[in-house]
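*Asks:*
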Amino acid sequence: MLKIGRSEDTIIIGLLGGLIGTIAMDVSNLLIFKAGKTETLYGHIAGGLFVAPYRTKRRENFILGQLAHLGIGSLWGIPLVYTLKKTGKDHYLIKGAAISMLSLGTLIGGQKVGFLKKFRLTKTYYSAIWNHLLHGLVSSQAIVMLANPTMIKKTNARERDTSFSRVKDSNIHHSLDT
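Letter by letter, the sequence shown follows residues 1 to 178 in the UniProt record's numbering.
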């Protein structure tokens with residue numbers, strides 16, 4: 001990591017952070033699937049974007065779905081890195097969890113409108129919540145570690161209070177001038 005350095009390219013940092021989070025999510029999903037606590041893998045779900053749901057169990061369609069899942073998960077890192085750039089890296093894990101819940105919402109929304117096959121078992125929804133939270137936590141941690149420290153600033157209470165008081169003072173001076 002020290003030899004490579006840290007990047008300031010927002011899109012690349014977002015994609016890499018999202019990819020790292022997606023890999024962690026897929027490993028967790030595989031372990032939960034092998035333990036019998038979920039009914040499907042994310043490669044099967046994402047494969048449903050390209051082929052009929054009954055065909056996602058085929059190896060070639062699963063691989064296609066897995067590649068799509070890695071790509072989609074990587075893309076979710078981009079709004080996360082922009083959120084961190086705009087709001088600072090304080091409480092970055094909570095921000096990552098929030099973005100990942102948005103991604104879970106899109107998955108469930110895709111199921112509701114018929115783009116994706118619905119889960120049959122409640123335990124699969126619990127697994128999806130855990131896996132998406134893991135994605136957000138790992139992605140946000142990876143983004144903070146990969147990004148140049150000047151790219152995502154750490155905000156603190158004093159900086160927020162100072163900027164607020166500057167705005168408040170400028171409004172007072174402006175109103176006194178008129």
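Ideal placement from N, C-alpha and C gives every residue a C-beta, glycine not left out.
1) Work out the CA separation of T155 and I63 for me, nearest whole Å.
2) What separation, rounded to the nearest whole angstrom, lies between the Cα atoms of S127 and S74?
3) Hey, quick one: how far does the alpha helix (DSSP H) through R59 stretch, first residue to last?
4) Name, in chain order, the residues that DSSP records as bridge partners for S7.
5) Assign F33 to one of three DSSP states: helix, strand, or coil.
6) Anyone know if the C-beta pair for G43 and G18 falls short of 8 Å?
7) How about the segment 131-144 and the segment 24-40: do they share at least three Cβ pairs that are nearer than 8 Å?
8) Skipping 5 residues on each side, what residues in its chain have a beta carbon closer than 6 Å to that of E8?
*Replies:* On the basis of the coordinates in this document:
1) Each residue's CA atom was taken as its position, placing I63 and T155 some 42 Å apart.
2) C-alpha separation (whole angstroms): 20 Å.
3) 59-75 is the span of the alpha helix (DSSP H), which, as asked, contains R59.
4) DSSP lists A147 as partners of S7.
5) DSSP places F33 in the helix class (H, G or I) of the three-state scheme.
6) For G43 and G18, no; Cβs fall outside 8 Å.
7) Touching, per the Cβ criterion.
8) Result list for E8: N148, M151, in chain order.
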